[in-house]
Amino acid sequence: NPLHLFIILALVANLSVSAVLNLYWPPNEFDSIAMYDFRAKRFSATGNISGIDDGYEGSYPLYTSIVHAMGYDWGLENPKILYPFIFLGFILAFFSVVNRQTNSTFALLATLLLTTTPLLYQFASTAYTNMPFAAYFGLGVVYLVSFVIGGRISDLYIASFLLGSSAWVRAATLPLISVVFVLALIFSNRKKPLLTVPLVYLLFELPWRYLQIKVLHVVGYEQQGLTSIFKREEFSQIVRLIPETLRAFVNNLYNPK
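Heads up: the sequence shown at position 133 corresponds to 226 in the working numbering, and the numbers run straight through without jumps.
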(Lines of atoms letter the chains of each structure in order from A; the text may use other names.)
(Lines give C-alpha, C1' and ligand atoms only; values in the text may rest on other atoms or scores of the structure.)
Protein backbone atom coordinates (compact mmCIF):
# COMPACT_ATOMS: atom_id res chain seq x y z
CA ASN A 94 0.00 0.00 0.00
CA PRO A 95 1.71 3.23 -1.14
CA LEU A 96 -0.01 5.29 1.56
CA HIS A 97 1.19 2.92 4.29
CA LEU A 98 4.70 2.96 2.87
CA PHE A 99 4.75 6.77 2.78
CA ILE A 100 3.57 7.04 6.38
CA ILE A 101 6.09 4.46 7.58
CA LEU A 102 8.92 6.30 5.81
CA ALA A 103 7.76 9.57 7.41
CA LEU A 104 7.73 7.91 10.83
CA VAL A 105 11.23 6.52 10.31
CA ALA A 106 12.45 9.95 9.18
CA ASN A 107 10.96 11.62 12.26
CA LEU A 108 12.52 9.09 14.60
CA SER A 109 15.88 9.36 12.82
CA VAL A 110 15.96 13.15 13.14
CA SER A 111 15.02 12.86 16.82
CA ALA A 112 17.80 10.33 17.38
CA VAL A 113 20.36 12.56 15.64
CA LEU A 114 19.33 15.57 17.73
CA ASN A 115 19.63 13.58 20.94
CA LEU A 116 22.96 12.07 19.91
CA TYR A 117 24.43 15.45 18.97
CA TRP A 118 23.15 17.61 21.83
CA PRO A 119 23.96 16.58 25.41
CA PRO A 120 21.65 17.69 28.25
CA ASN A 121 21.75 21.49 27.95
CA GLU A 122 18.45 22.68 29.44
CA PHE A 123 18.51 24.51 32.76
CA ASP A 124 16.51 22.04 34.87
CA SER A 125 18.41 19.12 33.40
CA ILE A 126 21.83 20.62 34.14
CA ALA A 127 20.79 21.93 37.56
CA MET A 128 18.79 18.92 38.69
CA TYR A 129 17.87 15.93 36.47
CA ASP A 130 21.27 15.25 34.94
CA PHE A 131 23.09 16.63 37.98
CA ARG A 132 21.37 14.07 40.22
CA ALA A 133 22.14 11.34 37.68
CA LYS A 134 25.86 12.04 37.76
CA ARG A 135 25.78 12.01 41.54
CA PHE A 136 23.82 8.73 41.58
CA SER A 137 26.27 7.17 39.13
CA ALA A 138 29.32 8.38 41.07
CA THR A 139 28.09 7.39 44.55
CA GLY A 140 25.91 4.39 43.78
CA ASN A 141 23.00 5.71 45.89
CA ILE A 142 20.44 8.51 46.02
CA SER A 143 21.73 10.25 49.10
CA GLY A 144 22.43 13.97 49.06
CA ILE A 145 18.95 15.16 48.06
CA ASP A 146 18.31 17.60 50.86
CA ASP A 147 16.33 20.51 49.40
CA GLY A 148 12.85 21.07 48.05
CA TYR A 149 14.01 21.77 44.50
CA GLU A 150 15.68 18.40 43.92
CA GLY A 151 13.35 16.47 46.20
CA SER A 152 10.17 17.74 44.56
CA TYR A 153 10.76 15.72 41.41
CA PRO A 154 10.58 11.91 41.19
CA LEU A 155 13.79 10.09 40.37
CA TYR A 156 12.86 8.41 37.07
CA THR A 157 14.70 10.74 34.68
CA SER A 158 17.80 10.92 36.85
CA ILE A 159 17.91 7.13 37.25
CA VAL A 160 17.59 6.68 33.47
CA HIS A 161 20.49 9.08 32.95
CA ALA A 162 22.51 7.35 35.67
CA MET A 163 21.97 4.00 33.95
CA GLY A 164 23.28 5.55 30.74
CA TYR A 165 26.41 6.79 32.49
CA ASP A 166 26.91 3.39 34.13
CA TRP A 167 26.71 1.78 30.69
CA GLY A 168 29.51 4.05 29.50
CA LEU A 169 27.40 6.54 27.52
CA GLU A 170 28.73 10.08 27.40
CA ASN A 171 25.32 11.41 26.42
CA PRO A 172 22.30 9.74 28.12
CA LYS A 173 19.85 11.59 25.85
CA ILE A 174 20.30 8.85 23.26
CA LEU A 175 17.88 6.82 25.42
CA TYR A 176 15.03 9.26 24.74
CA PRO A 177 14.39 8.14 21.12
CA PHE A 178 13.84 4.61 22.47
CA ILE A 179 11.21 5.93 24.90
CA PHE A 180 9.66 7.81 21.97
CA LEU A 181 9.78 4.64 19.83
CA GLY A 182 8.13 2.57 22.55
CA PHE A 183 5.41 5.20 22.87
CA ILE A 184 4.77 5.16 19.12
CA LEU A 185 4.69 1.36 18.76
CA ALA A 186 2.35 0.85 21.73
CA PHE A 187 0.05 3.65 20.55
CA PHE A 188 -0.11 2.17 17.03
CA SER A 189 -0.79 -1.30 18.42
CA VAL A 190 -3.79 -0.19 20.50
CA VAL A 191 -5.33 2.04 17.82
CA ASN A 192 -4.78 -0.62 15.15
CA ARG A 193 -6.58 -3.17 17.32
CA GLN A 194 -9.60 -0.89 17.72
CA THR A 195 -9.75 0.46 14.14
CA ASN A 196 -7.63 -0.52 11.13
CA SER A 197 -4.03 -0.19 9.95
CA THR A 198 -4.62 2.88 7.76
CA PHE A 199 -6.31 4.88 10.50
CA ALA A 200 -3.75 3.69 13.07
CA LEU A 201 -0.83 4.78 10.87
CA LEU A 202 -2.39 8.20 10.23
CA ALA A 203 -3.08 8.69 13.95
CA THR A 204 0.48 7.65 14.78
CA LEU A 205 1.88 10.07 12.22
CA LEU A 206 -0.18 12.90 13.74
CA LEU A 207 1.10 11.89 17.18
CA THR A 208 4.77 11.89 16.20
CA THR A 209 4.54 15.18 14.30
CA THR A 210 2.82 17.05 17.14
CA PRO A 211 5.32 19.92 17.60
CA LEU A 212 5.29 19.98 21.40
CA LEU A 213 5.65 16.20 21.73
CA TYR A 214 8.41 16.17 19.12
CA GLN A 215 10.21 18.84 21.13
CA PHE A 216 9.83 16.74 24.29
CA ALA A 217 11.49 13.81 22.52
CA SER A 218 14.77 15.73 22.30
CA THR A 219 14.64 17.48 25.69
CA ALA A 220 16.23 15.92 28.76
CA TYR A 221 13.23 16.63 30.97
CA THR A 222 10.44 14.47 32.39
CA ASN A 223 8.00 15.60 29.68
CA MET A 224 8.61 12.80 27.17
CA PRO A 225 8.61 9.91 29.68
CA PHE A 226 5.54 11.32 31.41
CA ALA A 227 3.71 11.70 28.09
CA ALA A 228 4.56 8.07 27.30
CA TYR A 229 3.45 6.64 30.65
CA PHE A 230 0.41 8.82 31.35
CA GLY A 231 -0.67 9.20 27.71
CA LEU A 232 -0.46 5.48 26.99
CA GLY A 233 -2.21 4.78 30.27
CA VAL A 234 -5.19 6.84 29.11
CA VAL A 235 -5.11 5.18 25.66
CA TYR A 236 -5.18 1.69 27.20
CA LEU A 237 -7.93 2.76 29.59
CA VAL A 238 -10.08 3.97 26.68
CA SER A 239 -9.32 0.72 24.85
CA PHE A 240 -10.57 -1.23 27.88
CA VAL A 241 -13.78 0.80 28.06
CA ILE A 242 -14.40 0.15 24.35
CA GLY A 243 -13.28 -3.46 24.04
CA GLY A 244 -13.50 -4.82 27.57
CA ARG A 245 -10.13 -6.62 27.54
CA ILE A 246 -9.07 -6.95 31.16
CA SER A 247 -5.38 -6.92 30.16
CA ASP A 248 -5.85 -3.36 28.86
CA LEU A 249 -7.12 -2.32 32.28
CA TYR A 250 -4.10 -3.86 34.00
CA ILE A 251 -1.68 -2.18 31.60
CA ALA A 252 -3.50 1.16 31.97
CA SER A 253 -3.39 0.91 35.76
CA PHE A 254 0.33 0.10 35.72
CA LEU A 255 1.20 2.92 33.31
CA LEU A 256 -0.88 5.54 35.13
CA GLY A 257 0.55 4.42 38.45
CA SER A 258 4.09 4.54 37.09
CA SER A 259 3.57 8.14 36.01
CA ALA A 260 3.68 9.10 39.71
CA TRP A 261 7.37 8.12 39.69
CA VAL A 262 8.11 10.13 36.55
CA ARG A 263 6.84 13.67 37.03
CA ALA A 264 5.73 15.83 39.93
CA ALA A 265 2.34 17.53 40.22
CA THR A 266 0.38 14.79 38.44
CA LEU A 267 -2.54 15.22 40.84
CA PRO A 268 -4.69 17.50 38.60
CA LEU A 269 -4.41 15.10 35.66
CA ILE A 270 -4.88 11.88 37.57
CA SER A 271 -7.81 13.41 39.48
CA VAL A 272 -9.75 13.69 36.21
CA VAL A 273 -9.07 10.01 35.52
CA PHE A 274 -10.18 9.13 39.07
CA VAL A 275 -13.48 10.99 38.63
CA LEU A 276 -14.17 9.26 35.31
CA ALA A 277 -13.25 5.89 36.83
CA LEU A 278 -15.66 6.53 39.69
CA ILE A 279 -18.49 7.48 37.31
CA PHE A 280 -18.12 4.61 34.85
CA SER A 281 -16.95 1.83 37.16
CA ASN A 282 -19.22 -1.21 37.47
CA ARG A 283 -19.01 -5.00 37.60
CA LYS A 284 -18.17 -5.30 33.90
CA LYS A 285 -15.83 -2.31 33.93
CA PRO A 286 -14.00 -2.25 37.29
CA LEU A 287 -12.27 1.08 36.67
CA LEU A 288 -11.64 1.61 40.38
CA THR A 289 -8.61 -0.62 39.87
CA VAL A 290 -6.90 2.47 38.42
CA PRO A 291 -6.83 4.65 41.57
CA LEU A 292 -5.97 1.66 43.76
CA VAL A 293 -2.92 0.76 41.66
CA TYR A 294 -1.97 4.43 41.40
CA LEU A 295 -1.82 4.70 45.18
CA LEU A 296 0.49 1.67 45.30
CA PHE A 297 2.99 3.77 43.34
CA GLU A 298 2.23 7.20 44.78
CA LEU A 299 2.36 6.39 48.50
CA PRO A 300 5.88 4.82 48.52
CA TRP A 301 7.23 7.88 46.69
CA ARG A 302 5.59 10.18 49.23
CA TYR A 303 7.04 8.11 52.06
CA LEU A 304 10.52 8.29 50.51
CA GLN A 305 10.15 12.01 49.91
CA ILE A 306 8.94 12.92 53.40
CA LYS A 307 10.42 10.30 55.72
CA VAL A 308 13.70 9.40 54.00
CA LEU A 309 14.72 12.47 51.98
CA HIS A 310 13.06 14.83 54.49
CA VAL A 311 11.97 17.35 51.88
CA VAL A 312 8.65 19.04 51.17
CA GLY A 313 7.69 18.98 47.50
CA TYR A 314 6.25 21.91 45.56
CA GLU A 315 2.85 20.26 45.19
CA GLN A 316 2.71 19.58 48.93
CA GLN A 317 3.47 23.23 49.63
CA GLY A 318 0.73 24.21 47.20
CA LEU A 319 -1.86 21.94 48.83
CA THR A 320 -0.89 23.21 52.28
CA SER A 321 -1.12 26.86 51.24
CA ILE A 322 -4.70 26.39 50.03
CA PHE A 323 -5.85 26.03 53.61
CA LYS A 324 -4.13 29.20 54.78
CA ARG A 325 -6.58 32.02 55.35
CA GLU A 326 -5.12 34.56 52.92
CA GLU A 327 -4.54 32.12 50.07
CA PHE A 328 -7.95 30.51 50.51
CA SER A 329 -9.73 33.87 50.34
CA GLN A 330 -7.85 34.73 47.15
CA ILE A 331 -8.92 31.44 45.59
CA VAL A 332 -12.55 32.09 46.52
CA ARG A 333 -12.40 35.55 44.90
CA LEU A 334 -11.04 34.01 41.70
CA ILE A 335 -13.92 31.55 41.29
CA PRO A 336 -16.42 33.97 39.63
CA GLU A 337 -13.74 35.29 37.27
CA THR A 338 -12.66 31.76 36.38
CA LEU A 339 -16.24 30.69 35.62
CA ARG A 340 -16.82 33.83 33.53
CA ALA A 341 -13.65 33.19 31.50
CA PHE A 342 -14.66 29.55 31.00
CA VAL A 343 -18.11 30.50 29.69
CA ASN A 344 -16.65 33.20 27.41
CA ASN A 345 -14.16 30.76 25.89
CA LEU A 346 -16.84 28.10 25.52
CA TYR A 347 -19.11 30.33 23.42
CA ASN A 348 -16.40 32.45 21.80
CA PRO A 349 -13.23 30.32 21.53
CA LYS A 350 -11.50 32.86 19.29
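Built from N, CA and C at the ideal position, the CB exists for glycine as well.
Taking the alpha helix (DSSP H) that residue i belongs to, which residues open and close that run?
i           : result
residue 208 : 197 to 208
residue 190 : 176 to 194
residue 305 : Taken as a continuous stretch (DSSP letters only), residue 305 belongs to no alpha helix (DSSP H), as it is neither H nor E.
residue 251 : 246 to 258
residue 225 : 223 to 243
residue 273 : 267 to 280
residue 211 : 211 to 216
residue 149 : 148 to 151
Mapping the DSSP letters down to three states, classify residue i as helix, strand or coil.
i           : result
residue 142 : coil
residue 161 : helix
residue 167 : coil
residue 106 : helix
residue 97  : helix
residue 338 : helix
residue 122 : coil
residue 289 : helix
residue 220 : coil
residue 284 : coil
residue 263 : coil
residue 343 : helix
residue 113 : helix
residue 295 : helix
residue 154 : coil
Using only CA atoms, which one of the options lies nearest to residue i?
i           : options               : result
residue 309 : 126, 98, 118 and 150  : 150
residue 209 : 109, 269, 271 and 341 : 109
residue 190 : 130, 263 and 243      : 243
residue 300 : 261, 105 and 334      : 261
residue 220 : 168, 141, 344 and 131 : 131
residue 212 : 99, 195, 173 and 180  : 180
residue 97  : 199, 173 and 154      : 199
residue 138 : 168, 307 and 115      : 168
residue 184 : 214, 171, 282 and 99  : 214
residue 116 : 134, 170, 340 and 222 : 170
residue 177 : 227, 111 and 118      : 111
residue 229 : 247, 136, 245 and 253 : 253
residue 135 : 114, 152 and 159      : 159
residue 192 : 235, 231 and 280      : 235
Looking at C-beta atoms only, is the number of pairs between the region 131 to 150 and the region 229 to 240 that lie closer than 8 Å three or more? no
Take every Cβ of the region 153 to 166, pair it with every Cβ of the region 195 to 211, and state whether three or more of those distances are shorter than 8 Å. no
Indicate whether the contact test is met: 3 or more Cβ pairs, each with one atom in the region 123 to 132 and one in the region 258 to 272, closer than 8 Å. no
Taking contact to mean 3 or more Cβ pairs, one atom from each stretch, closer than 8 Å, check whether the region 279 to 296 and the region 245 to 257 are in contact. yes
Quick test of the definition: if touching needs 3 or more C-beta pairs under 8 Å, does the region 95 to 109 touch the region 126 to 140? no
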